[in-house]
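Take a look at the structure below.
Numbering (the numbering used here), first residue to last: 3 to 122.
As C-alpha cells, this is what we get:
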C-alpha cells in the first residue's frame, strides 16, 4: 500500500453504543482511540498513508456505508475464531445465530472483502 500512488489505509472504529449517547471522536482524538492506536502506530512505523474514521451505529451497516462513501477498493476485516480448539470443526455460533459481522459485511459490501484471522 505504501508503494501505490494515492494509496491510503482507512482505519475504522464503529462504536455499537445503542443508547444514542455516544459520540464519535473527532480530530486528533481519533488517532488516540485505544482501538485504533495500535494500527495507527504500525501504519506510521511502515510509512503507510492512513486516515482514521470513528463512527457510532450498527457496525456492519456503518462499515459498508463508509466503504461506499470512501470509494474503498478492498475491505479487510479481522475475524477472530473464538471457538475452543476442540470445536474447530464445528460451525461458528455467531454464524448459526446470524450475528457475524464478517458475514454481514461480506454479503452487503460494495467491494471485495478480505477476512484475516486475528491473533489471540
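For glycine and all other residues, C-beta sits at the position ideal for the given N, C-alpha and C.
- Residue range of the beta strand (DSSP E) that includes residue 12: That run of the beta strand (DSSP E) goes 11 to 17.
- Message: Taking 8 Å as the threshold (C-beta atoms), are residue 66 and residue 107 in contact?
- Response: yes
- Query: If you count every other CB in all the chains shown that lies within 10 Å of the CB of residue 56, and 16 or more means buried, which is it?
  - Reply: Residue environment: residue 56 is assigned as buried (16 or more neighbouring CB atoms within 10 Å of its CB, all protein chains considered).
- In its own chain, which residues sit with a C-beta less than 6 Å from the C-beta of residue 114, not counting the 5 before and 5 after it? Cβ neighbours of residue 114 beyond the five flanking positions: 76.
- Query: Does any C-beta atom of chain D lie closer than 8 Å to the C-beta of residue 6?
  - Reply: Among the chains of the structure shown, chain D does not appear; only one protein chain is present.
- Message: Taking the beta carbon of residue 62 as the centre, do at least 16 other beta carbons fall within 10 Å, making it buried, or is it exposed?
- Response: buried
- Neighbourhood of residue 37 by C-beta, 6 Å cutoff - its chain only, sequence neighbours within 5 removed: 15
- Would residue 118 be called buried (16 or more neighbouring beta carbons within 10 Å of its own) or exposed? exposed
- Message: Between the alpha carbons of residue 81 and residue 6, how many angstroms are there, rounded?
- Response: 26 Å
- Message: Please report the distance separating the alpha-carbon of residue 10 from that of residue 58.
- Response: The C-alpha of residue 58 is placed about 22 Å away from the C-alpha of residue 10.
- Item | residue 79 and residue 104 closer than 8 Å at C-beta | yes
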